[in-house]
Amino acid sequence: MTTDAGRTVPQFPFAPARAIVAGWAGRNDDAIRHHIEELEALGVPAPSAVPLFYRVSAALFTTAGRLEAVGPDSSGEVEPLLVHDGDRIRLGLGSDHTDRALETHSVALSKQVCGKPVAPESWDFAEVEPHADSIELRAWIRDGEDEEWTLYQQGTLADLRPLRDLIAGARAAHGADAFSPGSAMLCGTFPVVAGGIRPARHFSMAMHDPVLGRTIRHCYETVTLPAVS
34 MTTDAGRTVP QFPFAPARAI VAGWAGRNDD AIRHHIEELE ALGVPAPSAV
84 PLFYRVSAAL FTTAGRLEAV GPDSSGEVEP LLVHDGDRIR LGLGSDHTDR
134 ALETHSVALS KQVCGKPVAP ESWDFAEVEP HADSIELRAW IRDGEDEEWT
184 LYQQGTLADL RPLRDLIAGA RAAHGADAFS PGSAMLCGTF PVVAGGIRPA
234 RHFSMAMHDP VLGRTIRHCY ETVTLPAVS
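Structure below.
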């Protein structure tokens with residue numbers, strides 16, 4: 034257990050049996066179009082529908098601070114994370130790390146080939162659901178150890194579809210078991226602040242609850258493996 038602003042923070046109940054990544058999950062149509070345009074600039078085709086719910090291997094989810102990825106073209110995306118631990122739903126913080134080169138061929142495959150770093154802490158979703166829209170998420174990137182962190186993404190849960198709606202959507206797309214005890218779901222991301230989607234060696238993210246005065250933080254390093262053909 035760790036403490037945050039004087040309160041006890043449970044460690045993440047981690048070892049999901051099944052996992053989903055919710056894509057194109059913005060609440061605002063203009064924001065969705067902006068994110069689609071960001072990806073189209075990289076050669077990624079527009080989605081067939083919004084939102085979409087991608088099934089990925091649960092084994093990809095990790096609390097480790099080091100991620101290995103083949104080639105130099107992967108990057109992170111800060112996202113809220115829902116986990117059903119068997120007793121309750123918990124809200125955590127994760128990164129939908131994605132291979133951008135492969136994404137131009139298949140979004141589903143690009144998500145499957147990369148690990149999904151998540152913070153080792155979480156909150157009881159019932160505690161935050163009444164004020165969920167006020168919860169803030171941010172991400173920063175840097176390459177060198179001596180570089181300054183650059184703000185990369187920011188938004189609130191009000192920018193995303195209500196999390197209960199995403200749970201219902203995942204179940205409608207993949208059956209009732211898609212989000213049931215043992216499930217984890219990344220719940221959508223935010224446009225890049227400036228400079229476009231790009232890789233970085235270090236990715237830092239935070240989720241802040243201004244009502245209860247607490248913050249979850251996580252940082253990871255991406256180690257690039259050679260792309261041998």
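Numbering (the numbering used here), first residue to last: 34 to 262.
We put the beta carbon where it would ideally sit given N, CA and C, even for glycine.
Remember, predicted model here, so these are calculated numbers, not experimental data.
Spatial neighbours of Glu101 in its own chain (CB-CB distance under 7 Å, excluding positions within 5 residues in sequence) are listed in chain order as Val256 and Leu258. Going by DSSP, Asp63 is part of no beta strand (DSSP E) but of the alpha helix (DSSP H) stretching over Asp62 to Glu73. Close CB contacts of Asp176 within its chain, under the 6 Å cut and outside five residues either way in sequence, are with Ala233 and Arg234 (chain order). C-alpha of Gly98 to C-alpha of Tyr253: approximately 4 Å in a straight line. Contact between Asp157 and Arg121 is confirmed by a C-beta separation of about 6 Å, below the 8 Å threshold. Among the bridge pairs identified by DSSP, Trp156 is matched with Leu124. Per DSSP, Leu100 is one residue of the beta strand (DSSP E) stretching across Arg99 to Val103. Unbroken beta strand (DSSP E) runs of no fewer than 3 residues, entirely contained in the region 145-224, are found at 169-175, 183-189 and 216-219, following chain order. Closest option to Cys220, judged by alpha-carbon separation, among Phe86, Ser108 and Ile69: Phe86.
Taking a C-beta distance under 9 Å as the contact criterion, Ser237 and Ile168 do not qualify as a contact pair. Counting every other CB atom within 10 Å of its CB across the protein chains shown gives Val89 a total of 16 or more, marking it as buried. The region 111-127 and the region 74-81 do not touch, with fewer than three beta-carbon pairs separated by less than 8 Å. When the alpha-carbon of His164 is set against those of Cys147, Glu178 and Leu190, the nearest one is in Leu190. The region 46-56 makes contact with the region 202-219; the number of CB pairs closer than 8 Å reaches 3 or more. Straight through space, the alpha carbons of Arg197 and Val226 are spaced by roughly 27 Å. When DSSP states are grouped into helix, strand and coil, Arg231 belongs to the coil group. Taking a C-beta distance under 9 Å as the contact criterion, Gly109 and Ser139 do not qualify as a contact pair.
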